[in-house]
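Protein chains in written order, with this note's numbering: chain R, 1145 to 1367; chain W, 37 to 431.
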């Protein structure tokens, strides 16, 4: 990535015409062709930007960024009056944003401690395949009964419907015709709980931090 | 209105129900006092549904008959209805958008309001002085039939009932995923009214002696409905010392003045609160209520983002402190009759404040076991108990 700190004027022409008067700004030229002009205020949003694919032409005192936009052309002219800094910094390979607390994290944590679903369960398999997709956890209870567990961040009616569909297919196997369903989620919509109860699906609220032992549970008068 | 429909309305009124589910009449025309209309709309509008899924529930049912205008609203969990004297020139019923009617009624310029509904147009005309409105309506046929209020009714002392509700209601849960906890356990037993509410972090129990004999009954009633009853009573029940109570299999009826409130009963098993109340304590002391409430309120300002209030009991002194990272901290002491080893316990600031505010009397009796076991605040009279779970303190 190339980072230029310069006193510059920026003129955009295309769907409209806009001009940033001369001032000191940070110009980011990314290897993918993105160009962003930042001020030292205004939050994360650039004052001007151009998304790839772009054509960048440079001559003394001028950087021109062009991009086709249908039959017209978007054009960003950065007229540099003074370059204060101009560095090229190689960056690491792209690695995606690691989000914590997503369904996969919950699935991993519950796969390790299925008993946290409120009963003695032992994991048979993660991602148990059915004809219509994998149910998150397939477990057996202390009586050796089958228990299908679907895990969501938010327990909604759609999640209940999804688990109901899985159970429909799982129960086609005579050995699993009594398979129970558990919907585990960090939060539940009340309507989902009502629907789940009417279908004899047990809803269990789970807390990822508690599952991981990252914090103690809140003290309550009863469970 | 044809004879059959009139008979149906009469039958429903005889049954104590409002004329919901009747056919639209050929025309309804009523004239009422604006101020009284505004007051009565204020009573029923609190049951108007704010959810847009069933449109007719966002309306108020107006039913006119024999010199009386009846108003009703329901969100299917709670219903409110009342009546007012009206000059009725045509009987009938119609559902008018509730919020709209309330808002415009407040602004009407003259002292008398005429509301005329012409079914062929599907429009309600509201005329007041030179102001005129045309409101789109919903059919009264679509309005749900409200639960009857003709159950065996028992008169309960209004002050006792409302005071009991006000003492326990804030401990009820707002988490709809645990419906039982959103209700208040109401039990009448041997000349006594007992109410219990808990959200699993705190629990309030209030026992109130009743002057008159009351029915032996137990029901879990939505806290929201009981709080509505409290709001309703000062105006609708003015001049009446009692609230009528009727218990049906699935719902409960309260009557106060000329207003009726019905609410569904909550199914389920309420936690056995008696088992939750500890019997022995390590620390028991009385603290001046007003002083404690003031200190807790002041220090709570710095208990933000779920930071706990820290109570440190030391020889002759209680120090209440709170700290929120990146915000600041607060600390204040007050003299207490504590002797013994230093004892530190943390509480949710809001829950502690609610507990102290629920106490009536000069002192709060504070009972503690250890920093991880429930603490108890008790009224000087001993008829109100507030159980509160501590928060684990770091370090």
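We treat Cβ as the ideally placed atom computed from N, Cα and C, and that holds for glycine. Since the structure is predicted, the reported quantities are computational estimates derived from the model, not experimental observations.
- Leaving aside the five residues that flank residue 153/W on each side, the residues in its chain whose CB is nearer than 7 Å to its CB run, in chain order, 63, 64, 128, 130, 160, 173.
- When the Cα atoms are used, residue 1311/R and residue 1323/R turn out to be separated by approximately 7 Å.
- With fewer than 16 neighbouring CB atoms inside 10 Å of its own CB, residue 1174/R falls in the exposed class.
- With contacts defined as CB atoms closer than 8 Å, residue 191/W and residue 248/W qualify as a contacting pair.
- Here the alpha carbons of residue 68/W and residue 1348/R stand approximately 54 Å from one another.
- Residues of the same chain with a CB within less than 7 Å of the CB of residue 110/W, apart from the 5 flanking positions on each side, are 83, 93, 180, 182 in chain order.
- Where residue 1342/R is concerned, the enclosing alpha helix (DSSP H) starts and stops at 1334-1342.
- For residue 363/W, no alpha helix (DSSP H) encloses it, and the DSSP letter there is neither H nor E.
- Under the rule that a run must span 3 or more residues, the beta strand (DSSP E) segments found entirely inside the region 190-218 of chain W read 190-193.
- Think of a sphere of 9 Å around the beta carbon of residue 1358/R: no beta carbon from chain W falls inside it, the nearest being about 13 Å out.
- Contact check between the region 228-247 of chain W and the region 275-288 of chain W: fewer than three CB pairs, one atom from each, fall below 8 Å, which does not count as touching.
- Among the residues facing chain W, residue 1337/R is included, as its CB has a counterpart in that chain under 8 Å away.
- Assignment of residue 1273/R by DSSP, reduced to helix, strand and coil, places it in the strand class.
- The beta carbon of residue 410/W sits closer than 7 Å to those of 314, 423, 424, 425, all from its chain and outside the five residues before and after it, given in chain order.
- By the Cβ-count criterion, residue 406/W is exposed, with fewer than 16 other Cβ atoms from all chains shown falling within 10 Å of its own Cβ.
- In this structure residue 229/W is in contact with residue 200/W, their Cβ atoms being roughly 6 Å apart against a cut-off of 8 Å.
- Exposure of residue 1215/R is indicated by the presence of fewer than 16 other C-beta atoms within 10 angstroms of its C-beta.
- If you look at residue 292/W, you'll find it in the beta strand (DSSP E) that goes 287-292.
- Every alpha helix (DSSP H) stretch that sits fully inside the region 355-407 of chain W and reaches 4 residues is listed by chain position as 385-394.
- A distance below 7 Å between beta-carbons, with the five flanking residues on each side excluded, links residue 317/W to the following residues of its chain, in chain order: 403, 404, 405.
- For residue 1305/R, the secondary structure class from DSSP, reduced to helix, strand or coil, is helix.
- Nearest to residue 1154/R by alpha-carbon distance, out of 1269/R, 1186/R, 1224/R, 1350/R, is 1224/R.
- Annotated three-state conformation of residue 83/W is helix, per DSSP.
- Here DSSP, grouped into helix, strand and coil, assigns residue 129/W to strand.
- DSSP, read as helix, strand or coil, puts residue 302/W in coil.
- When secondary structure is reduced to three states using DSSP, residue 1159/R falls in the coil class, being assigned neither helix nor strand.
- CA-CA distance, residue 327/W to residue 342/W, rounds to 23 Å.
- Short of 7 Å from the beta carbon of residue 259/W, and not among the five residues preceding or following it, lie these beta carbons of its own chain, in chain order: 205, 208, 218, 219, 220, 233.
- At a cut-off of 8 Å, the C-beta of residue 1334/R has a neighbouring C-beta in chain W.
- Separation of the CB atoms of residue 1299/R and residue 1336/R is rounded to 5 Å, and the pair is thereby assigned contact status at 8 Å.
- For residue 1307/R, the closest Cβ of chain W is not nearer than 8 Å.
- Residue 1365/R reaches chain W at 234, 236, 237, 238, 239, 307, 312, 410, 423, 425, counting residues in chain order whose Cβ is nearer than 8 Å.
- With a beta-carbon spacing of about 39 Å, residue 89/W and residue 193/W fall beyond the 8 Å limit used to define contacts.
- Nearest to residue 1217/R by alpha-carbon distance, out of 1346/R, 1161/R, 1181/R, is 1161/R.
- Contact annotation: residue 1350/R and residue 1265/R have beta-carbon atoms that are not nearer than 8 Å.
- The Cβ atoms of residue 389/W and residue 331/W do not sit closer than 8 Å to each other.
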